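Reviewing the structure listed below.
Numbering (this note's numbering), first residue to last: 5 to 1085.
What follows is the structure in structure tokens.
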């Protein structure tokens, strides 16, 4: 498929070459100076330097990815650092007396006069420009999250051509913005008339591509699908193109045909440098680890502590978190090569067991020790250096950027020669034409030059665009009173304050300032006329925070490129989008279920027939339409209700019955990305400790974090609110129960002895509910929680029973064969309306994993083992219960009275016991080892009487001491079938489903969730198994890792996968929350 190219320049303009800027030898024309990203230039600067000018961009950068978790407890890694930092500052390039950069916040490519810092021109794109442009001759090349590569004239910013890299103009929500499904986050490099780039975050499911464009025309000359995420500055070395993939190792491709040649062995990260004799890549996630590789073979030679590396002449300059150092390049690399050969030789010898191998290995070890000592002698100098954010070499001077300061060091001996103050972290440095240009994470670009008494620096600090609205600021425009009143009316009646607003047609552009002033919506105006959009963008940027609050897109009105279900507010100009079946279908497709509001108007009094026709067309199929008369005009408000057949996930295992199934009728078959972004890993609990599952109700997802909860708009990923709730962290959920539940109006979060009732809309506390009948000298914590009918069901447990500690030791306590389960000693029910106690039940120790509600009854395993009753912690292994007696009890949910109570042998439940309810049947499950293999056993009871209906068991073939959740596979009930690894049973008869056998297809600890049509689980990546006649396993993506318990929710017509891999430092390109929607929606 050929790329779509938009030709927007005339032959006359192409021939206008004499006024263009010519490149000079002392330019800095691309990120890190050149296609190898050397970070070095032969140009020298005379010290000391003085500040020449300061330029403040309209907005500070908006990095795509939030910080990682602070710790990886399992691997003893502390103070984790971000691996992906390519957009933490506006990286600059310098050519022909101009400075160029792209903006990740307001979607522009900007040109400054290098002498004054004044803006010469800017060019808007339709998405964040996260990576620096490249200048070749009189042309500039840049990629955008809108999925396009732009070729601009350096002289005035005119667009020579614009080429879409993905297969279509199709967009989703990415990192809080509307972006292409194939954003260009690789930068652009030009060689021999070909502009190279890559696009795509989700290879496999969405596709990712390596593309070569004719640098003159933008036509596509190379297009190769790639199996990696494209994230980070690409490099060219000979025929090899090196492409970073975000958190994981860069891929290597042949730039002539796009064929994959291999991958660089790397600790992960988007930083890479290549020279004729080495490749350096990293920086990892802890001590800033750099891997040094052989360029020809990509074999790893050695790794060491480093953030940045510059190879120049006879030296390797290395910057880490504490020091700046120089290595003897000619001496160090041969030693490193020999070290790599011997290291591989030793590994082979250690696999052998003969005496000759042992003797030879001893000699190899001795030589390796010698080499290690010899390599330590390769350090030429080493000096303390607090400037750790960036590093470049200009002539014989190293410039290092740090926090609020940039410094110069002598390349000869490491002596600090000069420092200059900057605003923020100096993440980007460039030297050209006698200037040092520093760019910080605050969006400030500062220029330093040699001190020259004849040249007086300007007294005034330059602003990028005077009058531009600051990000996060209130709109500066003063909308007309009529627009103010109309905006307030539309927003109030739509009940739309957060999320995304889509305005179709430029006629309503005047409402944007008022809509922004009275809401927190991200507003996108879409119109089909290019000249209209080009005029609107700079005007909007002067009034509103462009990009982060408002943006303007040119789109074809016949096929809106936006994702389904995303718009909380939709304004439609019927003149720009006339009434037709196709346009009604488009409105219906993009409007958010569960309350999305569309307004069509405004109609004049003479257009009553049109009003009636629109109202009729937009009624039904989940839409409710009504006319609203406003001063001088009529509008039609269309409200979208919930999707028919959409599922909810309101309790820990989906529902009080613990089915782990939502019965969502929509989520099956191929899926495509709906949104990705926050919540990120920093606020989440460590993945190995297995936090409780997220919840979903009526369009909102509630994500439990590390003693906090985040509410998210499930359809577009907007973070709605966040609440810190001390003592709410509940870990080891598979050995306990969830402490979260949600209903139509409230989210209930148990923390310590209290249940916090939070407003689902605002997160505000409505009530704090206390446990009933507390005894002063016998403190208890609130354990189980459920919301059924008019009741709030709870349990009381000992203060030390629940898991809440995060550490390596606490991690290990949750795995393998000796897991301890959490118990309660009291069950109770409160009336939701007034929090009065309805009933209370006590009988032995109550196993939290077996509390299930269904059919008007509550079921629980009651243990009366003397050893268990003597336990003062309230947490113990199943073996403690074996002595018994043990009973399975059914209580009347309304009164708490026992309906039946039967003895239950735990002989087959030696590690775990679970219960599920469905269709008046109660399933009890657990496991034990037989002949060193883990067997699972099942007993199905009549839920009304406790009578056994059938029993079954099977060998999972799991070995003892499995460390990936083998002992706690919770059954999933879908309709008439019980799914339990690796088999399926008929709910009513216990017969195995013929021909069904489940394979996790990868490394996975979590349990299985389900919709009506598919199973979902972690097998390294997220996986799906369609349950139809021709169903089969399908990998949902190849770039992310779900959590270690349940965080894949098929609900509301979506598959939600909020971030739960926090602390994972394994090789996955993305660590992000995700949502998917069925293809074709």
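Quick reminder that beta carbons are idealized off the backbone N, C-alpha and C, glycines included. As the structure is a computational prediction, the values presented were derived from the model and not from experiment.
I need the DSSP call for residue i, collapsed to helix, strand or coil.
i: residue 1078; result: strand
i: residue 748; result: coil
i: residue 23; result: Caution applies to residue 23, whose pLDDT of 28 falls short of 50 and renders its modelled position unreliable; the model cannot decide the point.
i: residue 487; result: helix
i: residue 826; result: strand
i: residue 396; result: strand
i: residue 241; result: strand
i: residue 163; result: strand
i: residue 640; result: strand
i: residue 737; result: helix
i: residue 47; result: coil
i: residue 12; result: Caution applies to residue 12, whose pLDDT of 37 falls short of 50 and renders its modelled position unreliable; the value that the coordinates give is listed next. It is coil, neither helix nor strand.
i: residue 343; result: helix
i: residue 681; result: strand
i: residue 184; result: strand
i: residue 263; result: coil
i: residue 175; result: strand
i: residue 1069; result: coil
i: residue 514; result: helix
i: residue 1086; result: Examination of residue 1086 is not possible in this model, given that the chain is present from 5 through 1085 alone.
i: residue 379; result: helix
i: residue 692; result: helix
Please check the pair residue i and residue j, which I expect to be a contact at CB under 8 Å, by giving their CB distance rounded to whole angstroms.
i: residue 176; j: residue 786; result: No, residue 176 and residue 786 are not in contact; Cβ-Cβ is about 40 Å, not under 8 Å.
i: residue 1074; j: residue 250; result: 6 Å
i: residue 434; j: residue 96; result: 5 Å
i: residue 764; j: residue 780; result: Contact flag wrong, Cβ pair sits at about 34 Å.
i: residue 1118; j: residue 133; result: Any question about residue 1118 goes unanswered here, given that the chain covers just 5 to 1085.
i: residue 455; j: residue 52; result: 6 Å
i: residue 1012; j: residue 1021; result: 5 Å
i: residue 908; j: residue 886; result: Actually they are not in contact, since the Cβ atoms of residue 908 and residue 886 sit about 12 Å apart, beyond 8 Å.
Cutting at 6 Å between CB atoms, please list the residues of its own chain near residue i, excluding the five before and the five after it.
i: residue 1002; result: 985 and 986
i: residue 76; result: 1067 and 1069
i: residue 742; result: 656 and 696
i: residue 1014; result: 665, 976 and 978
i: residue 537; result: 531, 556 and 558
Alpha carbons only, please: which of the options is nearest the one belonging to residue i?
i: residue 373; options: 398, 383 and 339; result: 339
i: residue 701; options: 688, 693 and 718; result: 718
i: residue 1018; options: 1031, 706 and 630; result: 1031
i: residue 582; options: 356, 574, 567 and 562; result: 562
i: residue 39; options: 533, 316, 194 and 445; result: 194
i: residue 730; options: 1000, 716 and 709; result: 709
i: residue 107; options: 521, 616, 550 and 628; result: 550
i: residue 836; options: 677, 59 and 771; result: 771
i: residue 997; options: 257, 952, 1008 and 982; result: 982
i: residue 713; options: 722, 728 and 724; result: 728
i: residue 1090; options: 319, 368 and 420; result: A question about residue 1090 goes unanswered here, because the residues of the chain that appear run from 5 up to 1085.
i: residue 1059; options: 844, 941 and 672; result: 672
Excluding five sequence neighbours on each side, which residues of the same chain lie with their C-beta closer than 8 Å to the C-beta of residue i?
i: residue 757; result: 774, 775, 778, 783, 784, 785 and 786
i: residue 533; result: 510 and 558
i: residue 614; result: 578, 583 and 607
Going along the chain, which residues of its own chain have a beta-carbon closer than 7 Å to the beta-carbon of residue i, five neighbours each way excluded?
i: residue 323; result: 310, 311, 312, 389, 392, 395 and 404
i: residue 65; result: 91, 92, 93, 94, 108, 109, 445 and 447
i: residue 877; result: 802, 804 and 805
i: residue 919; result: 662, 854, 856, 863, 926, 927 and 928
Between residue i and chain B, is any beta-carbon pair separated by less than 8 Å?
i: residue 873; result: Given the protein chain composition of this structure (a single chain), no chain B is represented.
Would you say the beta carbon of residue i comes nearer than 7 Å to a heavy atom of the ligand NAD?
i: residue 436; result: The ligand NAD is absent from the structure shown, which contains no ligands of any kind.
Inside the stretch 71-156 only - alpha helix (DSSP H) runs reaching at least 4 residues = Entirely contained in the stretch 71-156, not one alpha helix (DSSP H) run reaches 4 residues.
Ignoring anything shorter than 4 residues or poking outside the stretch 560-636, list the alpha helix (DSSP H) runs there in chain order.
-> 585-594 and 612-621
Ignoring anything shorter than 3 residues or poking outside the stretch 311-335, list the beta strand (DSSP E) runs there in chain order.
-> Runs found: 312-316, 319-323 and 327-332.
Inside the stretch 870-926 only - beta strand (DSSP E) runs reaching at least 3 residues = Listed in chain order, the beta strand (DSSP E) runs fully inside the stretch 870-926 are 890-896, 902-907 and 917-922, counting runs of at least 3 residues.
May I have a chain-ordered list of the beta strand (DSSP E) segments no shorter than 3 residues that lie completely inside the stretch 955-1021?
-> 976-978, 981-984 and 987-990
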